[in-house]
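Engineer: Below you'll find the structure I mean.
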Amino acid sequence: LLFAGIITKSIKDKGYKEKQLSPMILKSSLIAVIGLAFVYGGLTYIGAQTVNLAPSDIGKTALLILISKNVLGSIGPVIIGVAMGLACLTTSIGLLTAGATFFEKVSKGKLPYKFNAIVLAIISLGIA
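Counting from 295, one number per residue, gives the positions in the sequence shown under our numbering.
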């Protein structure tokens, strides 16, 4: 739900009128659905094709590394690492944006977005 608010606000900030919001949100949602279906469909297919590759008691991380090596060769784990890093980055950017926007709205603009984003980034860095 946080991301829906971010998308809606971004569309409004781009200058789209109220009538144009629904079609733009629908297009954004369709792109997200297609992207997620592609990713999870691909994972399902690869899992089905490599079902006999590893013992049944293998952990999820070890299985992903084994499959990536089998399908992509020695570069597989590197590609998986980059993909995971980018996935985490997009999630963290979305959460940071949502948090900064939330605090700006709750403080009625007394805490500006940029300040909130910097503070939340520093706190996140400290926790990480």
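Every residue gets a Cβ at the ideal spot worked out from N, C-alpha and C, and that includes glycine.
Please read all numbers here as calculations on a predicted model, not as lab measurements.
Is L414 closer than 8 Å to L390 when the C-beta atoms are compared?
Structural biologist: Result yes, Cβ atoms of L390 and L414 sit closer than 8 Å.
Engineer: Using the three-state DSSP reduction, which class does Y407 fall into: helix, strand or coil?
Structural biologist: Y407 falls in the helix class under three-state DSSP.
Engineer: Nearest CA to the CA of Q343: which residue from T384, P371, S362, E312?
Structural biologist: Cα-wise, what sits closest to Q343 is S362.
Engineer: Please give me, in chain order, every unbroken run of the alpha helix (DSSP H) with length at least 4 that falls completely inside the region 315-378.
Structural biologist: DSSP runs (the alpha helix (DSSP H)) wholly in the region 315-378: 354-366.
Engineer: Assuming L366 and I373 make a contact with CB atoms under 8 Å, what is their CB distance in whole Å?
Structural biologist: With 8 Å as the limit, L366 and I373 qualify as a contact, their Cβ atoms being about 6 Å apart.
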